[in-house]
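If you're matching positions, the sequence shown starts at 58 in our numbering and goes up one per residue.
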Amino acid sequence: MDTPNLSNIECGKRFMTAETLEKIALALNTTERELFNFSYTEPQKYMRADIDEYLNIADADDLLFFSQVIKSYYERKQKITN
């Protein structure tokens, strides 16, 4: 696909065919479905469930890392707000 056509699709000036969608997904090494995964907009309860799921499968090193990241985040946030 040439750049102008892709740009027109991105800008909403053209619609893509199913074949084009398949080619884009293949080029990005993903699935067509994943291209439309907007899970980052999910309500907080779903995000918490995802976090819980990762914490449940984490080993000791992962938990230590997660703990340090969260602690650093809140310490930095506190400095900024004070």
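Even glycine gets a Cβ: it sits at the ideal position worked out from N, Cα and C.
Identify which residue in the options has its Cα closest to the Cα of residue i.
{"i": "Glu91", "options": "Asp109, Leu78, Lys102, Phe123", "result": "Leu78"}
{"i": "Ile81", "options": "Met58, Cys68, Phe122", "result": "Met58"}
So what's residue i in DSSP terms, helix, strand or just coil?
{"i": "Met104", "result": "helix"}
{"i": "Ala82", "result": "helix"}
{"i": "Asp59", "result": "coil"}
{"i": "Phe123", "result": "helix"}
{"i": "Lys70", "result": "coil"}
{"i": "Thr88", "result": "coil"}
In chain order, what residues of the same chain lie with their CB nearer than 8 Å to the CB of residue i, ignoring the 5 residues before and after it?
{"i": "Asn62", "result": "Arg71"}
Spatial neighbours of residue i within its chain, please: C-beta separation below 6 Å, excluding the five flanking residues on both sides.
{"i": "Ile140", "result": "What is shown of the chain runs 58 to 139, which leaves residue 140 out entirely."}
Would you grab the beta carbon distance between residue i and residue j for me? Rounded to a whole angstrom, and I think it's under 8 Å.
{"i": "Ala117", "j": "Phe123", "result": "About 11 Å; that fails the 8 Å criterion."}
For residue i, collect the residues of the same chain with a Cβ closer than 7 Å to its Cβ; drop the 5 residues on either side in sequence, then sort them by chain order.
{"i": "Gln125", "result": "none"}
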